[in-house]
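Structure first, then comments.
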Amino acid sequence: MTKIGVMVGQMFSIGGVGIIAIEQVRNLNKLGFNAELILLKRIKYPIDQYTKDIPVRYISDEMNFFEKISFVIPFFSFFSLLYLTYSLYIQKYIKKEQYSVIVCHETYTCFVAMAIKRKVGIPYLAFVYDPISYILPKVYSKSLLAAFFPLLIPLGKKLDQKILRESSGAMVCSGLHEKTIHDFSPKTKIYRIYPGCYPLSKIAESGRNSIISLTKWDVGKNPKFIIDILSRIENKEIKWVIAGNWAHEELKKDFIRYAKEKGVLERLKIVGRVSEEEKMKLLSKARVLVHPIVEAFGMFALEAAGCGCPFIVPNGSGVTELFVNGKQGYFLPEGDLNSFVAKLNLLINNEEKAIRMGQEAYGVAKKYSWEKHAGRVKNALEDLFNHS
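Quick note on numbering: the sequence shown equals residues 767 to 1154 in the working numbering.
As structure tokens, this is what we get:
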């Protein structure tokens, strides 16, 4: 039986990447593969509620104390030393007979996948969300790192090229980066594979009296944009629910400080980490989901649609490829405060319209199951095996 290793670096919280990786393992196994989730480093985060029915392997549990030492590189919120150090030792723990192929999630995790290919001989497919050369200016343009962009961005492009050219193929969850990937590595085959969701069997058609934003909050998510919107919306009674883990406590404190400055803190409900059940309840009570930035996909928008909740997101986000602007949600220029305020006011003031758009979104979400997602991954794997 074909053994598939679905590899992720670490899970501080369950964001879009974690959801997709976990569901790939679960649904590939339903299709007859022998798939296993490989997490390079164990984090003190309760993911068992998400992974209790799938096999999970933590590489750090098998390492000695010195091998698993890692820390976040200063100024790089997304990059940990583990992606370099684990590349040095990974051949001690991953063996040729253990896996037929690695499906590698997250760009930096591909450094370890490259080491596995070189040292052990197991090929990998790179599931690319955002290339390094895209992340750098997107996330760090206002940081001290910006001064080093003339050096860092060309280096990022070289690393992107290396990751793609050594891979046996690239999977993407939308068309956002397809041209960039092709330009970096014209011979690399690209598979566009949309994520899935678990739509509710029945959606609420009343009682939707909140706004919600849900993600893994990091510096690149621009959470302060939410406060800027909230300070300008007409309805001063509606609550805005902020759900999801914060990468750094200081980021959360800064968000709260800014909300106080703008005089809107009492209109926010910051709930932090939520279970799957809690997430579905929050989405079922929300008039609309709002997300501040362009995402390679935008997992929580699809999940919102599966609960009958329309969404407002930046144009260009991958999830917008599945929906129609103005019919199931609104897709606006990223950072356009006036547009976000106007569309949000429209849905807050017109519950009937919001409910109707949510029903339309729900109809679309039902077409995107995790079984279909796994089937497309299966096709990519079979394509790889047939040409190897």
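Quick reminder that beta carbons are idealized off the backbone N, C-alpha and C, glycines included.
Which whole-angstrom value describes the C-beta separation of residue i and residue j, a residue pair presumed to lie in contact below a C-beta threshold of 8 Å?
{"i": "I740", "j": "T851", "result": "Outside the shown range of the chain, which is 767 to 1154, sits residue 740, and nothing can be said about it."}
{"i": "P1080", "j": "V1060", "result": "5 Å"}
{"i": "G1072", "j": "Q1125", "result": "At roughly 12 Å, the Cβ-Cβ gap does not stay under 8 Å, so G1072 and Q1125 are not in contact."}
{"i": "L1098", "j": "V1130", "result": "Not quite, the Cβ-Cβ distance comes to about 19 Å (not below 8 Å), so this is no contact."}
{"i": "K1005", "j": "K1047", "result": "Between K1047 and K1005 the Cβ distance is about 14 Å, and since that is not below 8 Å, they are no contact."}
{"i": "V878", "j": "Y900", "result": "The pair is not a contact, with the Cβ atoms about 20 Å apart (cut-off 8 Å)."}
{"i": "K990", "j": "A1013", "result": "Incorrect: roughly 15 Å between the Cβ atoms, too far for contact."}
{"i": "R974", "j": "A1120", "result": "7 Å"}
{"i": "Q857", "j": "K818", "result": "Not a contact, Cβ separation roughly 30 Å."}
{"i": "I993", "j": "K1028", "result": "5 Å"}
{"i": "N988", "j": "P897", "result": "Rounded, the Cβ-Cβ distance is 19 Å, inconsistent with contact."}
{"i": "L925", "j": "A1140", "result": "The Cβ separation is near 29 Å, so there is no contact."}
{"i": "G1082", "j": "L942", "result": "7 Å"}
{"i": "S909", "j": "I770", "result": "Actually they do not touch by this definition, with Cβ atoms about 37 Å apart."}
From the DSSP output, in three-state form, read off residue i for me.
{"i": "C876", "result": "helix"}
{"i": "E1061", "result": "coil"}
{"i": "M829", "result": "coil"}
{"i": "S967", "result": "coil"}
{"i": "L847", "result": "coil"}
{"i": "Y865", "result": "coil"}
{"i": "K834", "result": "coil"}
{"i": "R1142", "result": "helix"}
{"i": "G973", "result": "coil"}
{"i": "G959", "result": "The amino acid at residue 959 is misidentified as Gly; the sequence shows Ile. DSSP places I959 in coil when its eight states are reduced to three."}
{"i": "K769", "result": "strand"}
{"i": "I978", "result": "strand"}
Give the straight-line distance between the Cα atoms of residue i and residue j, rounded to the nearest whole angstrom.
{"i": "I1078", "j": "G1064", "result": "11 Å"}
{"i": "K1144", "j": "M777", "result": "24 Å"}
{"i": "K883", "j": "D814", "result": "29 Å"}
{"i": "L1031", "j": "G935", "result": "46 Å"}
{"i": "Y890", "j": "T1086", "result": "28 Å"}
{"i": "K1045", "j": "D1149", "result": "36 Å"}
{"i": "Y906", "j": "E1016", "result": "17 Å"}
{"i": "L996", "j": "A1062", "result": "25 Å"}
{"i": "A1070", "j": "E1042", "result": "12 Å"}
{"i": "L854", "j": "S1105", "result": "49 Å"}
{"i": "P903", "j": "Q864", "result": "38 Å"}
{"i": "G922", "j": "K861", "result": "29 Å"}
{"i": "Y816", "j": "I788", "result": "8 Å"}
{"i": "S951", "j": "E802", "result": "28 Å"}
{"i": "I1008", "j": "K1093", "result": "25 Å"}
{"i": "C876", "j": "N1091", "result": "34 Å"}
{"i": "V869", "j": "K1026", "result": "44 Å"}
{"i": "V938", "j": "V772", "result": "15 Å"}
{"i": "T768", "j": "D1020", "result": "48 Å"}
{"i": "R971", "j": "I786", "result": "The sequence as given places Glu at residue 971; Arg does not occur at that position. In a straight line, the C-alpha of E971 is about 28 Å away from that of I786."}
{"i": "L1110", "j": "I999", "result": "7 Å"}
{"i": "F893", "j": "D949", "result": "17 Å"}
{"i": "I804", "j": "R792", "result": "13 Å"}
{"i": "P920", "j": "N830", "result": "35 Å"}
{"i": "T1011", "j": "Y1134", "result": "What sits at residue 1011 in the sequence shown is Asn, not Thr. Using only the alpha carbons, I get a separation of about 26 Å."}
{"i": "G775", "j": "R808", "result": "9 Å"}
{"i": "E932", "j": "H871", "result": "15 Å"}
{"i": "G1211", "j": "V985", "result": "Outside the shown range of the chain (767 to 1154) lies residue 1211, about which nothing can therefore be said."}
Please determine whether the Cβ atom of residue i lies at a distance below 7 Å from any heavy atom of the ligand NAP.
{"i": "F893", "result": "The ligand content of the structure shown is nil, which means the ligand NAP is not present either."}
- prompt: Enumerated in chain order, which unbroken segments of the alpha helix (DSSP H) with a length of 4 residues or greater are wholly contained in the stretch 1004-1041?
  reply: DSSP runs (the alpha helix (DSSP H)) wholly in the stretch 1004-1041: 1015-1028.
- request: Only counting runs of 3 or more residues, tell me where the beta strand (DSSP E) segments fall wholly within the stretch 877-954, in order along the chain.
  value: Here the runs fully enclosed are 890-894, 936-938.
message: Which complete beta strand (DSSP E) runs does the stretch 1047-1121 hold, if anything under 3 residues is left out?
response: Counting only runs of 3 or more, we get 1052-1056, 1077-1080, 1095-1098.
Three CB pairs or more closer than 8 Å across the stretch 977-984 and the stretch 1055-1075: Yes, they touch.
- prompt: Any chance the stretch 903-918 sits against the stretch 947-965, with 3 or more Cβ pairs inside 8 Å?
  reply: As far as the Cβ criterion goes, the stretch 903-918 does not touch the stretch 947-965, which means the pair count is below three.
field: Every unbroken beta strand (DSSP E) inside the stretch 775-829 [3 residues or more]
entry: You should have 800-805, 822-824.
query: Quick check: the stretch 950-961 against the stretch 1095-1115, are there 3 or more CB pairs under 8 Å?
result: With the cut-off at 8 Å, the stretch 950-961 and the stretch 1095-1115 do not touch.
message: Under 8 Å, with one C-beta from each stretch per pair, do the stretch 1049-1058 and the stretch 1106-1115 reach the 3-pair mark?
response: Under the three-pair Cβ rule at 8 Å, the stretch 1049-1058 counts as touching the stretch 1106-1115.
message: Whether or not the stretch 780-787 and the stretch 821-829 are in contact is what I'm after, with contact meaning three or more pairs of Cβ atoms, one per stretch, closer than 8 Å; do they touch?
response: Taking 8 Å as the limit for Cβ pairs, the verdict is that the stretch 780-787 does not touch the stretch 821-829.
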